[in-house]
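Chains as they are written, first to last, in this note's numbering: chain A, -6 to 158; chain B, -6 to 158.
Where is the CB? At the ideal position from N, CA and C, for every residue including glycine.
Since we're looking at a predicted model, the values are computed, not measured.
To keep things clear, I will list the structure first and then write my remarks on it.
Protein chains: 2
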Amino acid sequence: MLIHDMNAQECRDLLARLGVGRLACARDNQPYIIPVYFAYEPDRLYGFATIGRKIDWMRSNPLVCVEADEVRTHFEWQSVIVLGRYEEYTDTPEYKEPRMKAQSLMERRYLWWQTAYAANQVRSNRGQATPVFYCVHIEEITGHRASPDPTEIAAGFTSPSHMTE
Amino acid sequence: MLIHDMNAQECRDLLARLGVGRLACARDNQPYIIPVYFAYEPDRLYGFATIGRKIDWMRSNPLVCVEADEVRTHFEWQSVIVLGRYEEYTDTPEYKEPRMKAQSLMERRYLWWQTAYAANQVRSNRGQATPVFYCVHIEEITGHRASPDPTEIAAGFTSPSHMTE
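Structure follows, in structure tokens:
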């Protein structure tokens, strides 16, 4: 397996294309991960969540990490890691413009979430779910790409079926 | 979309079946995520890595989080989150037994990693990669499962093609 660093543009291209990843926040040095959908804009990621542990923790400590990857086989994958800073787009006049932008970008990419969110609101017994829009300011971005080497290709280690080993 | 809590056994079953996820560690409240392979045993996960930022950070702060999920569509997925504590199986007589067990479990599950590791050692210019076996003691485990509700099924929101929206 050959592992290469991805340059900043390659990392950004992957983030823009995927739009799905995992976000980690931390409190008292205890990290916590959640799967997230995001919309990429240069230097930031927009996200959406309902009130819960993740939002509580990011409000008290804005340092976060987002990881997104695309795995074809064990020997052929790309993974990008973003270190960044959480900023909440509160439902106040000050944040009206960025909040509308975030909402618009999320809607454009994820039409389904409105349905899911509405359904969740109506059908669950979780009480009133408050929508929270936020952005992650990208402060460091790194990525790695793996590709099979000739030996692995010859050994047939390039088929996705090897993912189930 | 209907979201249900998974009970502890369902969470453990999913971890045992998947063996792939993301681990977050933290230093000075800055979280950091990496994709990981793991082998599940009751109350712990075994993992393997080479020296790097992840290992440095876990040595200085053993609090970690592991997330593993299985996503079929936006409306049908399972996600498990483990909060745990890192313990390194150093290459010393004290850790000989657990280290061999961890290695054996990883080998049984991931035959390919030996090849990948060897190839990486030989072909990269990253210097000597030191193998590190570790375990994550599971201290809290939670999981959620989503399933489409009748409205979403009727609207055709249950096909994997919706993942690319």
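Neighbour list for residue i in chain B, Cβ cutoff strictly below 7 angstroms
i: Asn22(A); result: Ala19, Asn22, Asn54, Leu56
Residue i burial status per 10 Å Cβ neighbour count (16 or more: buried)
i: Ile146(B); result: exposed
i: Lys89(B); result: exposed
i: Glu60(B); result: buried
i: Asn54(B); result: buried
i: Arg10(B); result: exposed
i: Ser97(A); result: exposed
i: Phe93(A); result: Contrary to the premise, residue 93(A) reads as Met rather than Phe in this sequence. Classification for Met93(A): exposed.
i: His67(B); result: buried
i: Pro143(A); result: exposed
i: Pro141(A); result: buried
i: Ala148(A); result: exposed
i: Ala1(B); result: exposed
i: Pro86(A); result: exposed
i: Pro124(A); result: exposed
i: Met(-6)(A); result: buried
Interface residues of chain B facing residue i [CB-CB closer than 9 angstroms]
i: Ile74(A); result: Tyr25, Ile26, Ile27
CA nearest to the CA of residue i, picked from the options
i: Glu132(A); options: Tyr79(A), Thr66(A), Met(-1)(A), Thr83(A); result: Tyr79(A)
i: His137(A); options: Trp70(A), Ala95(A), Gly40(A); result: Trp70(A)
i: Gly12(B); options: Val29(B), Asp21(B), His(-3)(B), Asp(-2)(B); result: Val29(B)
i: His130(A); options: Thr43(A), Tyr25(A), Leu98(A), Val75(A); result: Val75(A)
i: Gly45(A); options: Cys18(A), Val64(A), Asp36(A), Asp62(A); result: Cys18(A)
i: Glu34(B); options: Met(-1)(B), Pro91(B), Thr43(B); result: Pro91(B)
i: His(-3)(A); options: Tyr82(A), Val73(A), Thr83(A); result: Val73(A)
i: Cys4(A); options: Thr144(A), Asp62(A), Asp142(A), Gly77(A); result: Asp62(A)
i: Gly40(A); options: Thr135(A), Met(-1)(A), Arg15(A); result: Arg15(A)
i: Thr43(A); options: Asn22(A), Thr135(A), Phe126(A), Ala139(A); result: Phe126(A)
i: Cys32(A); options: Asn22(A), Met51(A), Leu8(A), Asp49(A); result: Position check: residue 32(A) holds Ala in this sequence, whereas Cys was assumed. Ranking the options by Cα distance to Ala32(A), first place goes to Leu8(A).
i: Leu38(A); options: Thr123(A), Asn0(A), Glu81(A), Thr85(A); result: Glu81(A)
i: Asp36(A); options: Thr83(A), Arg65(A), Asp6(A), Asp21(A); result: Asp6(A)
i: Met51(B); options: Asn22(A), Met99(A), Ile134(A), Leu(-5)(A); result: Asn22(A)
i: Thr83(B); options: Gly77(B), Cys58(B), Ile48(B), Ala139(B); result: Ile48(B)
i: Ile134(B); options: Met(-1)(B), Met99(B), Leu(-5)(B); result: Met(-1)(B)
i: Val57(A); options: Leu(-5)(B), Ala95(B), Val64(B), Arg20(B); result: Arg20(B)
i: Ala139(B); options: Arg65(B), Ala95(B), Gly77(B), Glu100(B); result: Arg65(B)
i: Cys128(B); options: Glu100(B), Arg101(B), Ala95(B); result: Ala95(B)
Residues that residue i contacts on chain A, provided the C-beta gap is smaller than 7 angstroms
i: Arg15(B); result: Arg15, Ile26, Glu60
For residue i, the three-state DSSP class (helix, strand or coil)
i: Asp(-2)(A); result: strand
i: Thr83(B); result: coil
i: Asp21(B); result: coil
i: Ile48(B); result: helix
i: Thr123(B); result: coil
i: Asp6(A); result: helix
i: Pro159(B); result: As displayed, chain B neither begins before -6 nor continues past 158, which places residue 159(B) out of reach and without an answer.
i: Ala148(A); result: coil
i: Pro28(A); result: strand
i: Gly12(B); result: coil
i: Arg116(A); result: Because Arg116(A) carries a pLDDT of 48, less than 50, the predicted location of this residue cannot be relied on, and no value is offered for it.
i: Glu63(A); result: strand
i: Arg138(B); result: strand
Short CB-CB distance (under 9 angstroms) between residue i and chain E
i: Pro24(B); result: Within the model displayed, chain E is absent; protein chains A and B are what it includes.
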